[in-house]
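Chemist:
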């Protein structure tokens, strides 16, 4: 008589939490996995959310994916029609359709490095010299 291996038990076990996966740039990942990891903060502006770590600022962008991502976690499952103890398996706790991407923000340029030409605009450059 042959026996059939039931494999790894897999169940759908959503936990009703909201999950988002964040794609980290390599330099931020290195900072966060270092022994002296810096404190990161999330701030918002009227148009976007920003993540700040040390001297870098990242803009958070939502990216939709064409393929769903299934988030799995260990889960105890009892085989159907069995009086045996629960076997460890996997449970699908969430299905994700979008991820968060971090894009480095360019530092705003300071005005101090611009040369003051005395010009007030194009009109003054053309017609205002004789005044």
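In my numbering, the protein residues as written are 1 to 131.
Quick reminder that beta carbons are idealized off the backbone N, C-alpha and C, glycines included.
Computed from a prediction, not measured in an experiment: that's the story for all the values here.
Where does residue 94 land, buried or exposed, given buried means 16+ other C-beta within 10 angstroms?
Modeler: The count along the chain shown starts at 1 and reaches residue 94 at position 94. By the 10 Å Cβ count, residue 94 comes out buried.
Chemist: Pull up the distance between the alpha-carbon of residue 89 and that of residue 5, whole angstroms please.
Modeler: Counted from its first residue, the chain shown places residue 89 at position 89. Counted from its first residue, the chain shown places residue 5 at position 5. In a straight line, the C-alpha of residue 89 is about 14 Å away from that of residue 5.
Chemist: Pairing CB atoms from the segment 53–67 with CB atoms from the segment 21–33, are three or more of them under 8 Å?
Modeler: Verdict: yes, contact present.
Chemist: Nearest to residue 18 by alpha carbon, out of 96, 105 and 103?
Modeler: By one-based count along the chain shown, residue 18 stands at place 18. Considering only alpha carbons, the answer is 96.
Chemist: DSSP beta-bridge partners for residue 29?
Modeler: Residue mapping note: residue 29 aligns to position 29 of the chain shown, counting from 1. Residue 29 pairs with nothing; no bridge assigned.
Chemist: Can you list, in chain order, the residues of its chain with a C-beta nearer than 8 Å to that of residue 31? Leave out the 5 residues immediately preceding and following it.
Modeler: Taking the first residue of the chain shown as position 1, residue 31 is located at position 31. Excluding positions up to five away in sequence, the list reads 37, 38, 53 and 54.
Chemist: Within 10 Å of its beta-carbon, does residue 51 have 16 or more other beta-carbons around it, so buried, or fewer, so exposed?
Modeler: As a first step, residue 51 is located in the chain shown; it is residue number 51 there, counting from the start. Label assigned to residue 51: buried.
Chemist: Excluding the 5 residues preceding and the 5 following residue 13 in the sequence, name in chain order all residues of the same chain whose CB lies nearer than 7 Å to its CB.
Modeler: Here residue 13 refers to the residue found at position 13 of the chain shown. Within the same chain, residue 13 has close Cβ partners 75, 91, 92 and 93.
Chemist: Within a Cβ cutoff of 7 Å, which residues of the same chain sit near residue 63, ignoring the five residues on either side of it in sequence?
Modeler: Residue numbering aside, residue 63 sits at position 63 when the chain shown is read from its first letter. Answer for residue 63: 98, 99 and 101, listed in chain order.
Chemist: May I have the straight-line CA-CA distance separating residue 10 from residue 68, to the nearest angstrom?
Modeler: Counting from one through the chain shown, the residue named residue 10 turns up at place 10. Counting from one through the chain shown, the residue named residue 68 turns up at place 68. Approximately 17 Å, taken between the alpha carbons.
Chemist: Go ahead and label residue 110 buried or exposed: buried means 16 or more other beta carbons lie within 10 angstroms of its beta carbon, across all protein chains shown.
Modeler: Indexing the chain shown from 1 puts residue 110 at position 110. Low confidence applies here, because residue 110 scores a pLDDT of 49, under 50, leaving its location unreliable and the question unanswered by this model.
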